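A.B. asks: Attaching a single structure in structure tokens format; questions to follow.
Residue numbers (this note's numbering), protein chains in the order written: chain L, 11 to 333; chain H, 11 to 333; chain F, 11 to 333; chain G, 11 to 333.
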């Protein structure tokens, strides 16, 4: 293993830069050259890559986004596109690839690995935290804390006015951000995906709370596969319980910003272990952290699966919002 | 002047608590009792008020919102409602009123003062910064910095993906937040109110930028009287310049949060001067800060007016977004 | 179990309020009254306690510090003091105690439990993270993130000037904050406790870095049992490698501030489980989180022990600072 | 005016990057090339400069520090050093210089302008805010807000423990940061420079407060010309009023970090006006903002002077800390 490359793909996540830096440093530490591929798989197909230099990764550990850029590439979904990408890697004599991204990117990376034999180590980097095979993905902790900060701000105005707020958080079809930010933010209720039956429960819960003397409430809504869904929910609830409400869709603010310590340390750990795994001859694997231990699993076994939230979070949430 | 009351009315703004604290402390300093009225004019009509104690204003200087609560009261818009409110004040032997709020609240406060003779000093507290007679309203600086923080986060993801973002900021029909946050956030363009002709200019400006090699852009949109207007603008622009875009409406997150130093110091200054003004026999006046000097103006002369933005901000914005 | 009490003792830690709120809400959920004891063990001895009401824990989830207050009590170190405290609890018909604090407080709580038979459940709350029997203590994640934020700021000026900085972080004799904040902050070196031999290594490491072209460096120093120790280290290093340096002791800023999501969720979990444990008849136990599972251990087995840092953190740190 | 250069000198201040970006963009807007000089006057003497490109100033508006680097140069204090620097500028055919820095840097810049005839426009950039001829220097607002954030955190722990804290803020021999952060942070007392007589007053003031029932207090100390002076003050006060205390020296954390909106807008304004001034043939002038208007004054009239704080701040502080 003389030369490896690192690529960030799909949605960006805070901590990706800390991970790129760790990959570079772990490479140098082991005498391996590290190339950076720009603009995700699109850049890989175009051969848009460069040898990373110390200065490229200087002063980036704290920056959100990814200095390499990212994209979603249609062409890479085809075997021809992946072959072009592989040719570019071979042309640069790159012996292994580290891929930082989410489920969609992992699928492409796995095909690349299987079709061309290029060893690929995948690192979970997505704010949604929906990758199986790891307890946490890079970017999740930061996204939760940003959502939480927004909820704290909204609480100030919710209390001052005695208002009902619906705060929609990201997380795609998973509810990890909603659970953490909702519990940490003292939400009165969490709305998860399969919405309909929940609205009944929500209305009755809110009515109980307001009857008991509560004057304001924040309901945290998981976006699900329909970002903006909270407007409809708010309308239904407001009309049923006859109380005005406000909606706040936090949106892309949750994607950016300086990564938290947890995300940076996770990025460092996974980045270093990914490099070592390539050097050790591994390929087609995802590196994750489970029960605080670094673990490897075949990418094929983690892609396309829906990670479940811990059922104990639902119980915890019920107890804490019970009053 | 033996006993005064303080009320927060209309939309809450960060720094209101620092102002309440200053009013209380300035009162104590001058031997005047200070009452707090809960829930704005609605609470005043109900006589929902209490003698403020040292502990009530302890550890609140840094909190967003208002510990007194606030509301918009229909009843106070009628002479009968205002008479009820005045009766409550007289009943508690309150000799003067300090009102922290925005234009709508000032109107009501001015009627109260004129109709009942109760001396009222108004303090501008609104994130919109649209009150004439003061360079800054309490809460504006905080709202701008929160909007800016969100823009900074969005920039991370905008750059990483090479994307076009529309970020809608608050400010009602005024553009103060949009100007400050847009210039400070390095926006590629600002969309102010009278939208239509601007969209043409915006499209052509963005096309010039992208032709020159820029890969991403953030357009800051002032909400105007139609919050959510940025969705329509984004759709029009995206279809015309054939580039995908994302929208982020910052919403009520801009209302809450810990006030900045500037907002707290302004709140302290205006709170202290308002108390001294009541003691000096003033009434029916708004206290503001103009050119860094504390000034008083009749409330009747500031209400119902649209404060204009400094035309030099538009020039500055044009120069800075020119490339 | 009809009535329980909660006390915060020793150094305060962000997230204690979120924990008090969770204890209260879990109590209500199970039909148990919850009393709050003011000023730690000192307040317990004085009988300074009150029945917690919904409003007492409203809008506190995001606040640093502890609304109950805390202290270090000499009197409680004596059997007589503890008996007085127990009498106060019995007088109020309190059937169980939840104690949020660190090692020193746990010792006292354990004596109380053993001597008087009052069931005590201890919850680890200390920014130092030095309690055995739990992977994380409440407050640690927040302290690390505050330290990190400061390091990020110092990096700006360190790079601009090409300077060497020593940043001393809290953590008492443990190095958890130093490890996390150092790795996350991109420190060039970490100085842990048994200082002397390290200084040699540090000087040689820094010289290597500067020879290779690095212009600035941040060294993170664990305070150990001598807060302020970094001044001496800086002096020695500066004179040996002939390079000016600056010192920044982060101090008590690391103790306060709004808790992170991680700390609030941990506080919620442990608070709820502590209440349930009392109801289930447990006593003399600490509730912690190990490998993401809630676990209980006898307080007697966790007190007085020094929790070790994970040796893999040292390896990770060496790889990442190797260049 | 075909080519100008920009240099940052002396202590770095948040907002310098926003100013460099504004200088570059204003240059492009007017068809003037802009060079960046690295490492302050030291880099100028070495000819360490480069033509700024769009990408150099992309995504820097929100970064603390200065991408150009800065330094304090002994050689530039000599006429020979300045002549070398001027030769470098002439060699690159640079027709004018924009200097961002503080009083010390202005002196050097003024000598350069007077001795060599190179037009120099100075922009005040220092967190100390001690430059006469401008109401605000770039970086001051950010430094105040960082100090304030730290004070807010310390308040959490001060209240929880009922403790006396001394918080030392930067500002060199000026007290601007101390005044703003002290008033905004709800300090119980401010200690300014000429210390001795104040300590008497401080002790008596604190004793009054504690007698009245206050349990904690934060005293904000201006560092003056002896950083670390608060340790001595704390010791004296603690022994006189027989109350334990803690000291926190905020130090260089106040220098870095993302600039506030106010600092970025000020940086934008002054940067643009400085470029226009050079184009208009001005030289030897400082551009500042007074009473919200951009003003120019001869550098010779602003250097070496001590800017006074507004006496009304002292009165305001006395009223607010009176209880």
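Just so you know, even glycine gets a beta-carbon here, dropped at the ideal spot from N, CA and C.
Keep in mind that this is a model prediction, so the values were computed, not measured.
1) Could you tell me the distance, in whole angstroms, from the CA atom of residue 268(L) to the CA atom of residue 24(L)?
2) Identify every run of the alpha helix (DSSP H) within the region 220-271 of chain F, keeping only runs that are complete inside it and at least 4 residues long; order them along the chain.
3) In terms of residue numbering, what span does the alpha helix (DSSP H) encompassing residue 90(F) cover?
4) Select from the region 177-198 of chain L all residues with a C-beta closer than 8 Å to any C-beta belonging to chain F, and list them in chain order.
5) Determine the chain L residues that contact residue 262(F) at a beta-carbon separation under 8 Å, and present them in chain order.
6) Is the shortest distance between the beta-carbon of residue 165(G) and the beta-carbons of chain F less than 8 Å?
7) CA-CA distance, residue 327(F) and residue 260(G)?
8) Helix, strand or coil for residue 146(L)? Go by DSSP, reduced to three states.
9) In three-state DSSP terms, what is residue 53(H)?
10) Quick check: the Cα distance between residue 324(G) and residue 289(H), rounded to an integer number of angstroms?
11) Give the residues of chain L in contact with residue 259(H), contact being defined as C-beta atoms less than 7 Å apart.
12) Just tell me which of 83(H), 141(H), 27(H) and 41(H) has its CA closest to the CA of residue 66(H).
13) Under 8 Å between beta-carbons, which chain L residues line up against residue 22(H)? List them in chain order, please.
14) Report the rounded CA-to-CA distance for residue 273(G) versus residue 225(L), giving the unit in angstroms.
15) Measure the alpha-carbon distance for residue 135(H) versus residue 17(H) and round it to whole angstroms.
16) With 8 Å set as the bound, which would you pick, yes or no: does the beta-carbon of residue 39(F) sit closer than that to a beta-carbon of chain L?
17) Please return the same chain residues whose Cβ sits closer than 7 Å to the Cβ of residue 121(G), not counting the five positions on each side in sequence.
18) In this structure, how does DSSP classify residue 328(L) when only helix, strand and coil are distinguished?
19) For residue 163(G), does the count of other Cβ atoms within 10 angstroms reach 16, so buried, or fall short, so exposed?
20) Name, going along the chain, the residues of the region 262-280 of chain L whose beta-carbon falls closer than 7 Å to a beta-carbon of chain H.
21) What residues of chain G sit near residue 301(H), judged by a beta carbon separation below 8 Å?
22) In chain F, what lies closer than 7 Å to residue 75(G) by C-beta?
23) Would you mind telling me which residues of chain H sit closer than 9 Å to residue 234(L), beta carbon to beta carbon, in chain order?
24) Opposite residue 106(F) in the DSSP bridges: which residues?
25) Could you give the first and the last residue of the continuous beta strand (DSSP E) run that contains residue 309(L)?
26) Spatial neighbours of residue 257(F) within its chain, please: CB distance less than 6 Å, with the 5 preceding and 5 following residues excluded, ordered by chain position.
27) Considering only C-alpha positions, which residue in the set 36(H), 80(H) and 304(H) is nearest to residue 62(H)?
28) Taking the beta carbon of residue 216(L) as the centre, do at least 16 other beta carbons fall within 10 Å, making it buried, or is it exposed?
29) Kindly list, in the order they appear in chain L, the residues whose Cβ is closer than 7 Å to that of residue 32(F).
30) Compare the Cα-Cα distances from residue 329(F) to each of 11(L), 31(L), 19(L) and 14(L) and report the closest residue.
31) With distances taken between CB atoms, is the gap from residue 200(F) to residue 247(F) smaller than 8 Å?
32) Report the partner residues of residue 178(L) according to the DSSP bridge assignment.
33) Is residue 145(G) close to chain H, meaning its C-beta is less than 8 Å from at least one C-beta of that chain?
34) Starting from the beta carbon of residue 228(H), find every residue of chain L whose beta carbon is closer than 9 Å, and list them in chain order.
35) Answer yes or no: does any C-beta atom of chain F fall closer than 8 Å to that of residue 137(G)?
36) For residue 78(G) and residue 301(F), what's the separation of their Cα atoms in angstroms?
C.D. replies: Short version:
1) Residue 24(L) has its alpha-carbon roughly 7 Å from the corresponding atom of residue 268(L).
2) Fully enclosed alpha helix (DSSP H) runs of 4 or longer: 239-251.
3) Unbroken alpha helix (DSSP H) run through residue 90(F): 89-101.
4) So the close ones are 190, 191, 193, 194, 195 and 196.
5) By Cβ distance, chain L contributes nothing, its closest Cβ being about 19 Å from residue 262(F), past 8 Å.
6) Nearest CB-CB separation between residue 165(G) and chain F: below the 8 Å threshold.
7) Distance from the CA of residue 327(F) to the CA of residue 260(G), rounded to the nearest whole angstrom, comes to 27 Å.
8) If DSSP states are grouped into helix, strand and coil, residue 146(L) belongs with coil.
9) Collapsing the DSSP output to three states places residue 53(H) in a helix.
10) Their Cα atoms are separated by approximately 21 Å.
11) By Cβ distance, chain L contributes 259.
12) The residue with the shortest Cα to Cα distance from residue 66(H) is 27(H).
13) Ordered by position in chain L, the residues that pass the 8 Å Cβ test against residue 22(H) are 166, 167, 170 and 171.
14) The alpha-carbon atoms of residue 273(G) and residue 225(L) are separated by roughly 39 Å.
15) It is roughly 11 Å from the alpha-carbon of residue 135(H) to the alpha-carbon of residue 17(H).
16) Yes, residue 39(F) lies at the interface with chain L (some Cβ there is under 8 Å from its Cβ).
17) Cβ-Cβ distances below 7 Å link residue 121(G) to 92 in the same chain, with the five nearest sequence neighbours on each side left out; the list follows chain order.
18) Helix, per DSSP.
19) In summary, residue 163(G) is buried, with 16 or more beta-carbon neighbours lying within 10 Å of its beta-carbon over all protein chains present.
20) Hits within the stretch, in order: 262, 263, 265, 266 and 267.
21) Neighbours of residue 301(H) on chain G, chain order: 301 and 302.
22) 166, 167, 169 and 170, listed in chain order.
23) Contacts between residue 234(L) and chain H, judged by CB atoms closer than 9 Å, are missing: the closest CB pair is about 18 Å apart.
24) According to DSSP, which records beta bridges pairwise, residue 106(F) is partnered with 14(F).
25) In the DSSP assignment, residue 309(L) falls outside any beta strand (DSSP E) and lies within the alpha helix (DSSP H) extending over 309-312.
26) So the list reads 176, 240, 241 and 244, once near-sequence residues are dropped.
27) Looking at the Cα atoms, 36(H) is the closest of the given residues.
28) Residue 216(L) should be labelled buried.
29) Within 7 Å Cβ-Cβ: 330.
30) The shortest C-alpha separation from residue 329(F) is found at 31(L).
31) At a Cβ-Cβ threshold of 8 Å, residue 200(F) and residue 247(F) do not count as neighbours.
32) Beta-bridge pairing links residue 178(L) to 231(L) and 259(L).
33) True, the Cβ-Cβ gap to chain H drops below 8 Å.
34) Chain L residues near residue 228(H): none, gap ~11 Å exceeds 9 Å.
35) Taking CB atoms only, residue 137(G) has no neighbour in chain F less than 8 Å away.
36) Within the model, the alpha-carbon separation for residue 78(G) versus residue 301(F) is close to 46 Å.
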